[in-house]
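Please read the structure below before turning to the comments.
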Amino acid sequence: MTTTTPSAGQRTRPWPRYLSIAQVSLQDAVAYRVSTIIGIGVAFLWVLILYFLWRAAYARAPLTAGYTWPEMRTYVVLAFGINALVGWRVGSLMMATVRTGDVVFDYVRPLNYCFAQLFRACGYCLVEGLVSLAMCLLVGFAFLHIAAPASPADALLFAVSLLLGVLTKALFVFLVSLLAFWTLSGLGLMWAQQAVIQVFSGTIVPLALMPDWLRTLAAILPLRGIVATPLTLYLGKADPPTALGLLALQAGWVAALLLLANVAWRRAFDVAEIQGG
Amino acid sequence: MSAVITAEGLTMRFRRPVKRPGLAGSLKHLVHPEYTWATAVADVNLSIEPGESVAYVGPNGAGKSTTIKLLCGILIPSAGRVEVCGLQPHRNRQRNAANISVVFGQRTQLWWDIPVIESLRLLGDIYSVPATEYQRNLTEMVDVLDLAPLLPVPVRQLSLGQRMRCDLAAALIHSPRVLFLDEPTIGLDVAVKAKLRELVGRMVRERGLTLMLTSHDVGDIEQLCPRLVMLDAGRVVYDGRYAELSRRFAWETKITASSAVPLDGHPELAVAQIPGVTRTDRPDGTTLRVWFDNRVATCGTVVAGIVDQFRISDLAVDEGAAEDVIRRLYSGDLEYSTEEPA
Chain D
1 MTTTTPSAGQ RTRPWPRYLS IAQVSLQDAV AYRVSTIIGI GVAFLWVLIL
51 YFLWRAAYAR APLTAGYTWP EMRTYVVLAF GINALVGWRV GSLMMATVRT
101 GDVVFDYVRP LNYCFAQLFR ACGYCLVEGL VSLAMCLLVG FAFLHIAAPA
151 SPADALLFAV SLLLGVLTKA LFVFLVSLLA FWTLSGLGLM WAQQAVIQVF
201 SGTIVPLALM PDWLRTLAAI LPLRGIVATP LTLYLGKADP PTALGLLALQ
251 AGWVAALLLL ANVAWRRAFD VAEIQGG
Chain X
1 MSAVITAEGL TMRFRRPVKR PGLAGSLKHL VHPEYTWATA VADVNLSIEP
51 GESVAYVGPN GAGKSTTIKL LCGILIPSAG RVEVCGLQPH RNRQRNAANI
101 SVVFGQRTQL WWDIPVIESL RLLGDIYSVP ATEYQRNLTE MVDVLDLAPL
151 LPVPVRQLSL GQRMRCDLAA ALIHSPRVLF LDEPTIGLDV AVKAKLRELV
201 GRMVRERGLT LMLTSHDVGD IEQLCPRLVM LDAGRVVYDG RYAELSRRFA
251 WETKITASSA VPLDGHPELA VAQIPGVTRT DRPDGTTLRV WFDNRVATCG
301 TVVAGIVDQF RISDLAVDEG AAEDVIRRLY SGDLEYSTEE PA
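Top to bottom, those sequences are chains D and X.
For the first sequence, UniProt numbering assigns the number 1 to the initial residue and increments by one for each residue that follows.
For the second sequence, UniProt numbering assigns the number 1 to the initial residue and increments by one for each residue that follows.
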């Protein structure tokens, strides 16, 4: 077996239910470690492509939209690592259960569906996300000359922001996947979701480089909290009041999305037509 | 004693899209969708006492699975009331879930890629089963279902029979008060069926588990469920003891009488005059078949009438076993609307 969890016989009381779900999804992620590593490797190709594109651009202009080359290469490399912290697995599993009708079992368990999926995402995050982030940091520091956090205070702000960002993405993926209860098929949703997240989170380009209308939109939407906000804090590009404002915006969105998600899943359960006998 | 499951006027209607065939039909549906309404469950009344075992039968599409889904809180009834352990399932899904358990023969609730024991442990945690109770349940089920060799195996490597044994264990690990089994033995061999029935029967006898079972396997019904509810086109057509089924519907008994020598004349005409005989025929030269209403005549009077006509060498009486009755009801051979025998 691939895990070192204690067998049931040695336990004296049950684990908290959501923690147990996170632990099992962690085991699940380990069971698929080969596909996990391949997926991360492919995603990393994108980091390299963007890295060399930007290097060519910076060879002509040393400053673009307020980012120096050392800042930009740090941004590009870390953006992918951070965006990969929450992957597609929980979303695609949710959609699959709706399509096959196996979602019936989610109706007959004493669980809050939203929390169950979030804790599941945590389990996957610990394996897939951390491996991916570690790879970005390792290659980044060793070969691509990325910078350390601007200061210890910035590192702390970054850590808080990163946590909120993980929650934001997990909630957003959850909400989009819930749409499968109405549409029944999820492939289109998955693609659309990927594109929207990559653009509005600032994974592909920092918000500062976007055209005005897009930047204004991206600045207020919750998705910036996934990548752009944590990295702005990491690079020390926000003064203290702005930094706190950004964290407040992130936290406010997390609260709003959490509320929305909890209303939405109950609605989704009520409208669902169960597929298959 | 108050009922553990009650349904009053329970009705479920579905909206079905009407799509004409082909691409043109699909496009038309996109622009101007048309729907029809189908009634899957119509005005069902049920009352099931704690510890009762009820078979819920009917031909495919009769509305059995839909009823189960209504009782589990998966579907919201279009009309009527439903209560399980004092809760309306669809209004209290999480609380209802703690009281019930459901096994769908065509699905698994186990996690596909992790060992069976980990799924069971997770379910124990999800239902907050105390460690001693968990251990007691696990030991009993491992024993009866012979699960020991399966526990360390990931579900995706199990055969259907092995998986269903594990699925039943998963459904019972939290000691539910009510167990719904939706075609649990579909596609299983006799040995596995026997194991599943043994465990369920034991839980019913020893723990007061309330059981509701849908199945096309008469063995499941005979061995587990004294009470039978039969559904046709969404309506309850019979609710009573399984053993009473033949008396209720199979009021017609068939007698096949053979003679050692070819029959002379027309004995069937004389036999047809016996009170209660509904029809007669002669499939070959030495055989006479007689159908009679067993509420009016007895086997003895009819046989006596036949003996008057010729010397019987061989005799077969076909009363219609319950299994046969179910088969004939499904195929439309027998009428559901038969009056209660006098």
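Glycine included, every Cβ here is placed at the ideal spot set by N, Cα and C.
For a cut-off of 8 Å, the C-beta gap from X/L179 to X/L209 is around 6 Å, short enough to register as a contact.
At a C-beta separation below 7 Å, D/R17 has these neighbours in chain X: D125, I126, S128. Apart from sequence neighbours up to five positions away, the residues of its chain that approach D/V131 with a beta-carbon distance below 8 Å are T36, I37, I40, ordered along the chain. Distances from the CA of X/E198 to each of X/A270, X/V290, X/L224, X/Q88 were compared; the closest alpha carbon is that of X/L224. Unbroken beta strand (DSSP E) stretches of 3 residues or longer found wholly inside the segment 25–60 of chain X: 34–48, 53–57, given in chain order. For X/V82, the enclosing beta strand (DSSP E) stretches over residues 79–84. Each residue's CA atom was taken as its position, placing X/R241 and D/F115 some 45 Å apart. Assigned with DSSP and collapsed to three states, X/A257 falls in strand. Of all C-beta pairs linking the segment 139–148 of chain D to the segment 55–66 of chain D, fewer than three are shorter than 8 Å, placing the two stretches out of contact. With fewer than 16 other Cβ atoms from the protein chains shown falling within 10 Å of its own Cβ, X/H266 counts as exposed. With a minimum length of 4 residues, the unbroken runs of alpha helix (DSSP H) contained wholly in the segment 293–328 of chain X fall at 299–307. Between the segment 212–220 of chain X and the segment 172–191 of chain X, the count of C-beta pairs closer than 8 Å reaches three or more; the two stretches touch. Of all residues in the segment 110–123 of chain X, those with a C-beta nearer than 9 Å to a C-beta of chain D are W111, W112, D113, I114, P115, I117, E118, S119, L120, R121, L122, L123, reading in chain order. Counting along the chain, the unbroken beta strand (DSSP E) around X/L181 starts and ends at 178–182. Interface annotation for the segment 67–85 of chain X against chain D: K69, C72, G73, I74, L75, I76, criterion Cβ-Cβ distance under 9 Å.
Using beta-carbon distances, D/R120 does not count as an interface residue toward chain X, since no partner is under 7 Å. By DSSP's assignment, X/M230 forms a beta bridge with X/V57, X/Y238.
In the structure shown, X/V192 adopts helical secondary structure according to DSSP, grouped into three states.
Short of 6 Å from the beta carbon of X/E252, and not among the five residues preceding or following it, lie these beta carbons of its own chain, in chain order: W291. Think of a sphere of 9 Å around the beta carbon of D/L111: the chain X residues whose beta carbon falls inside it are Q94, A97, I126, in chain order.
Rounded to the nearest whole angstrom, the C-alpha separation of D/I204 and X/K28 is 40 Å. X/V102 reaches chain D at V108, counting residues in chain order whose Cβ is nearer than 7 Å. Here X/A40 is near X/G234, since their CB atoms are less than 7 Å apart. Between X/A131 and chain D, the shortest Cβ-Cβ separation is below 7 Å. At a cut-off of 7 Å between beta-carbon atoms, X/R107 makes contact with chain D. In the assembly as shown, X/R205 is an exposed residue. Its beta-carbon has fewer than 16 other beta-carbons within 10 Å. With contact defined as three or more Cβ pairs closer than 8 Å, the segment 196–210 of chain D and the segment 62–79 of chain D are in contact.
Residues of chain X whose Cβ lies closer than 7 Å to the Cβ of D/R11 are, in chain order, A131. Take the alpha-carbon of X/M141 and the one of D/T12: they are about 20 Å apart. Here X/V302 is near X/I274, since their CB atoms are less than 7 Å apart. DSSP places X/W291 within a strand segment (E or B) once states are collapsed to three. Taking 8 Å as the cut-off between beta carbons, the residues of the segment 25–36 of chain D near chain X are Q27, D28, A31, Y32, in sequence order.
Taking 7 Å as the cut-off, the beta carbon of D/S177 is found no closer than this to the beta carbon of D/G101.
Shown here is that no member of the segment 161–172 of chain D has a Cβ falling below 7 Å from a Cβ of chain X. Between X/I221 and X/E49, the alpha-carbon positions lie close to 18 Å from each other.
When DSSP states are grouped into helix, strand and coil, D/V227 belongs to the coil group.
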